[in-house]
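Reading through the structure tokens given below for one structure.
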Amino acid sequence: MTDTYDHTPQVWTAGRLREALAGLDDDTPIHIAVADGPGDFEGYSEYALVDLEPVEKDFGEDAEARTEVEYTLFADYKAGQYHVDLV
815 MTDTYDHTPQ VWTAGRLREA LAGLDDDTPI HIAVADGPGD FEGYSEYALV DLEPVEKDFG
875 EDAEARTEVE YTLFADYKAG QYHVDLV
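FYI, in the numbering used here the residues of the sequence shown are 815 to 901.
And the structure:
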């Protein structure tokens, strides 16, 4: 049996993101490091931030059906040459 643990990262708010971006030039590229596992940034994968979209999450299976909107940052591979069969 494998060991498990509760992973509860602190999700940033728009205010916290604005605060982190304060002082950066408007044309500063933003990259995202994606953890290799929960909380594991030792060997992260790096992506380029490409979009921000409101994404509707449907919770229709619950006793009280509802829809919530989560604002989601989208990332893509960094610019470069890639072998299509390897990605």
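Backbone N, C-alpha and C fix where the C-beta goes; we use that ideal spot for every residue, glycine too. Because the structure is a prediction, the values reported are computed rather than measured.
Roughly how many whole angstroms lie between the Cα atoms of residue i and residue j?
| i | j | result |
| --- | --- | --- |
| H897 | D865 | 24 Å |
| T827 | T842 | 20 Å |
| L835 | D850 | 25 Å |
| D899 | V869 | 30 Å |
| L838 | G829 | 15 Å |
| D817 | E878 | 34 Å |
| Y891 | E833 | 26 Å |
Among residues of its own chain, excluding the 5 on either side of residue i, which ones have a beta-carbon nearer than 6 Å to its beta-carbon?
| i | result |
| --- | --- |
| I844 | L863 |
| I846 | Y861, L863, A889 |
| G874 | none |
| G894 | none |
Apart from the five residues just before and just after residue i, which ones in its own chain have a Cβ nearer than 8 Å to its Cβ?
| i | result |
| --- | --- |
| H821 | P852, G853 |
Tell me where the alpha helix (DSSP H) around residue i begins and ends.
| i | result |
| --- | --- |
| A828 | 828 to 835 |
Can you tell me where the beta strand (DSSP E) holding residue i begins and where it ends?
| i | result |
| --- | --- |
| L866 | 859 to 872 |
| E884 | 881 to 891 |
Taking 8 Å as the cut-off, does the stretch 849 to 856 touch the stretch 870 to 884 (at least 3 CB pairs, one atom from each stretch)? no
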